[in-house]
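Those letters in the sequence shown? Residues 218 to 553, by this note's numbering.
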Amino acid sequence: MKPYLDAPVPAPGPGRTALLLVNLGTPDAPTPAAVRRYLAQFLHDHRVVELSRWIWCPLLHFVILPLRSPRVARNYASVWMPDGSPLLVYGQRLARQMQHALPDVQVRLAMRYGNPSVPEVLRQLQAEGMQRLLVLPLYPQYSASTTAAVMDAVTAELATWRRAPELRFIADYHVDAGWLDALEARVRAHWDLHGRADRLVMSFHGLPKRFETAGDPYPRQCEAGARALATRLELADDQWLLTYQSRFGREEWLQPYTDKTLEALARDGVKTLDVVCPGFASDCLETLEEIAVENDDVFRAAGGEALRYISALNDEPGHVAALSALARRHLQGWPH
Numbered sequence: 218m219k220p221y222l223d224a225p226v227p228a229p230g231p232g233r234t235a236l237l238l239v240n241l242g243t244p245d246a247p248t249p250a251a252v253r254r255y256l257a258q259f260l261h262d263h264r265v266v267e268l269s270r271w272i273w274c275p276l277l278h279f280v281i282l283p284l285r286s287p288r289v290a291r292n293y294a295s296v297w298m299p300d301g302s303p304l305l306v307y308g309q310r311l312a313r314q315m316q317h318a319l320p321d322v323q324v325r326l327a328m329r330y331g332n333p334s335v336p337e338v339l340r341q342l343q344a345e346g347m348q349r350l351l352v353l354p355l356y357p358q359y360s361a362s363t364t365a366a367v368m369d370a371v372t373a374e375l376a377t378w379r380r381a382p383e384l385r386f387i388a389d390y391h392v393d394a395g396w397l398d399a400l401e402a403r404v405r406a407h408w409d410l411h412g413r414a415d416r417l418v419m420s421f422h423g424l425p426k427r428f429e430t431a432g433d434p435y436p437r438q439c440e441a442g443a444r445a446l447a448t449r450l451e452l453a454d455d456q457w458l459l460t461y462q463s464r465f466g467r468e469e470w471l472q473p474y475t476d477k478t479l480e481a482l483a484r485d486g487v488k489t490l491d492v493v494c495p496g497f498a499s500d501c502l503e504t505l506e507e508i509a510v511e512n513d514d515v516f517r518a519a520g521g522e523a524l525r526y527i528s529a530l531n532d533e534p535g536h537v538a539a540l541s542a543l544a545r546r547h548l549q550g551w552p553h
């Protein structure tokens, strides 16, 4: 028989409602050993890499992790903040601000891979008497490789509980009006300070093309959100572009690729670019190092003059307000 984790007897009254924010994850330190542990957990998930374990696991452990971990650790060290990984630091700040905005709800942050882990945070909430749980994956666009992976982790943990809470998930918010308001304000604030570049590039994390073929809605949601933002910013079609970054391996990924697009723009005489990454709730390695450093180098090497990265929404008031309002709508009908 499968063992179940007995929940503490809840305090009298209507019980507690919790909001669990979940982001992708981060290593505990910018060291090869910590990065290797993190990447091993991340890349073992079949939602992320849909290959036979007989093929993938030897390749992962004997080739990819030994080769990639030291280089990735150096990249993490270049963006590491005094308080830790940017993704974790900004996520914790966001959770604290949302706790102020939602005083009747227990707001917590967890990471799908790494720490604080989903099981760890859920057990803390269980000990505090949680009876209702709303899960908000911090991915505006749904993908099986991200949002569904969060669902997997949450339900796997709750499957071990004798008393599971009432449960809801927010699947996506890619055209949510409040989120678009915050993004628009972020871009316009950047333009107010620096002026407009020749083009605005909206760079999203990439996925293998076969994910889309299999029915993943991610690219359609990226396109819908990008076009909605461009409309709000009153941009003509030739003033902005959508691209996909962070591809890995040799198979075809969603296109156009960010780095190849930047090279082509520079060769065509475009001198300045503003780049925003609407799929990232918090700044992280993929924005602060891959876009702001690596792709800036790519653009300049091809003849461009300036790539200005527009930071993620992080814990800005507009982001806090948008996600708090989103949570309130999904909490309707639940007593606090």
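C-beta atoms are modelled at their ideal positions from N, C-alpha and C, and glycine is treated no differently.
Residue j beta carbon less than 8 Å from that of residue i
| i | j | result |
| --- | --- | --- |
| residue 395 | residue 542 | yes |
| residue 525 | residue 414 | yes |
| residue 383 | residue 350 | yes |
| residue 392 | residue 445 | yes |
| residue 385 | residue 490 | no |
| residue 354 | residue 239 | yes |
| residue 436 | residue 471 | yes |
| residue 544 | residue 399 | no |
| residue 443 | residue 459 | yes |
Continuous alpha helix (DSSP H) stretch holding residue i: start and end
| i | result |
| --- | --- |
| residue 540 | 534 to 548 |
| residue 283 | 282 to 296 |
| residue 513 | 513 to 518 |
| residue 435 | 435 to 449 |
| residue 510 | Counting along the chain, residue 510 falls outside any alpha helix (DSSP H), and DSSP gives it neither H nor E. |
| residue 413 | Where residue 413 is concerned, there is no enclosing alpha helix (DSSP H), given that its DSSP letter is neither H nor E. |
| residue 319 | Looking at the DSSP string, residue 319 is not in any alpha helix (DSSP H), and its letter there is neither H nor E. |
Counterpart residues of residue i in DSSP-defined beta bridges
| i | result |
| --- | --- |
| residue 486 | According to DSSP, residue 486 bridges with nothing at all. |
| residue 527 | 493 |
| residue 459 | 419 |
| residue 474 | 461 |
| residue 301 | 298 |
| residue 425 | 470 |
| residue 334 | 328 |
Range covered by the beta strand (DSSP E) that runs through residue i
| i | result |
| --- | --- |
| residue 354 | 347 to 354 |
| residue 331 | 323 to 331 |
Proximity test, residue i beta-carbon vs the ligand HEM heavy atom, cut-off 7 Å
| i | result |
| --- | --- |
| residue 521 | Among the components modelled here there is no ligand, and therefore nothing to report on the ligand HEM. |
is_contact[residue i, chain C] using C-beta, thresh 8 Å
| i | result |
| --- | --- |
| residue 420 | The question asks about chain C, but that chain is absent: this structure has only one protein chain. |
- Can you check the region 365 to 396 for any beta strand (DSSP E) of at least 3 residues that lies completely inside it and give the ranges in chain order? 383 to 386
- Using 8 Å as the threshold, is the region 255 to 273 in touch with the region 364 to 381, meaning 3 or more CB pairs across them? A contact exists between the region 255 to 273 and the region 364 to 381.
- Item | Meets three-Cβ-pair contact criterion under 8 Å: the region 272 to 283 and the region 250 to 259 | yes
- Query: How do the region 233 to 252 and the region 269 to 277 stand: do at least 3 beta-carbon pairs fall below 8 Å, yes or no?
  - Reply: no
- Using 8 Å as the Cβ pair cut-off and three pairs as the minimum, do the region 512 to 522 and the region 308 to 316 touch? Too few Cβ pairs lie closer than 8 Å, so no.
- At a cut of 8 Å, does the region 486 to 499 reach the region 416 to 436 through at least three beta carbon pairs? yes
- Uninterrupted alpha helix (DSSP H) stretches inside the region 234 to 280 (no shorter than 4 residues): Listed in chain order, the complete alpha helix (DSSP H) runs (minimum 4 residues) inside the region 234 to 280 are 249 to 261 and 270 to 276.
- Query: Just checking, does the region 329 to 348 make contact with the region 528 to 536 on the three C-beta pairs under 8 Å criterion?
  - Reply: no
- Query: Would you call the region 439 to 453 and the region 424 to 431 in contact, with 3 or more CB pairs under 8 Å?
  - Reply: no
- Item | Three-pair Cβ contact test at 8 Å for the region 288 to 298 versus the region 499 to 509 | With a cut-off of 8 Å, the region 499 to 509 and the region 288 to 298 count as touching, because enough Cβ pairs lie within range.
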